[in-house]
Amino acid sequence: MNPLPKTAGGARRQQIVARIKTTLPKLTAPELRELGKTLLAALEVAEASATPAKDRTVDQKPSVVYRKELVRCGKEGCKCSEGELHGPYWYGYYRSPRSGRVVKKYLGKEKRELRVR
Ligand SMILES: [Zn+2]
7 MNPLPKTAGG ARRQQIVARI KTTLPKLTAP ELRELGKTLL AALEVAEASA
57 TPAKDRTVDQ KPSVVYRKEL VRCGKEGCKC SEGELHGPYW YGYYRSPRSG
107 RVVKKYLGKE KRELRVR
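The sequence shown lines up with residues 7 to 123 when you count with our numbering.
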């Protein structure tokens, strides 16, 4: 029994993956590095929820992965466009029980408990 709703069919998912792969070469090294971290955090959550039901227990609240990140604000001419990124700031990642998607929430300079749902 899988409590997570499927968000897209197999063909649609393949399209999404193909589109991401063609976009990757257009990104800069810092952007790719940032994306890599996000990908690993999402993978952790995805693998955890793919564990067979008999091998896992689920808390009332979904588990949250907390991580410090350096970020780019996107403003033209800002120091971060030259690679001097802002932060570090804390972010929390969890899988939404409703949508089944990984949600990323900004927490601020100090780590604080993330209220899920
Ligand atoms: Zn900036």
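Glycine included, each C-beta is placed from N, C-alpha and C at the ideal position.
For clarity, every value in this text was computed on a predicted model and none was experimentally measured.
| Asked | Found |
| --- | --- |
| Measuring CA to CA, which of 97, 44, 90, 109 is closest to residue 115? | 97 |
| Kindly confirm or deny that the region 29-45 and the region 73-91 touch, where touching means at least three C-beta pairs closer than 8 Å. | yes |
| Assuming residue 50 and residue 71 make a contact with CB atoms under 8 Å, what is their CB distance in whole Å? | 6 Å |
| For residue 75, which beta-bridge partners are listed by DSSP? | 95 |
| So is residue 9 buried or exposed if we call it buried at 16+ other beta carbons inside 10 Å? | Only weak support exists for where residue 9 lies, its pLDDT of 47 falling under 50; the value from the coordinates is given anyway. It counts as exposed. |
| Using the Cα positions of residue 102 and residue 24, report the straight-line distance between them to the nearest angstrom. | 24 Å |
| Can you give the Cα-Cα distance for residue 86 and residue 59, rounded to whole angstroms? | 44 Å |
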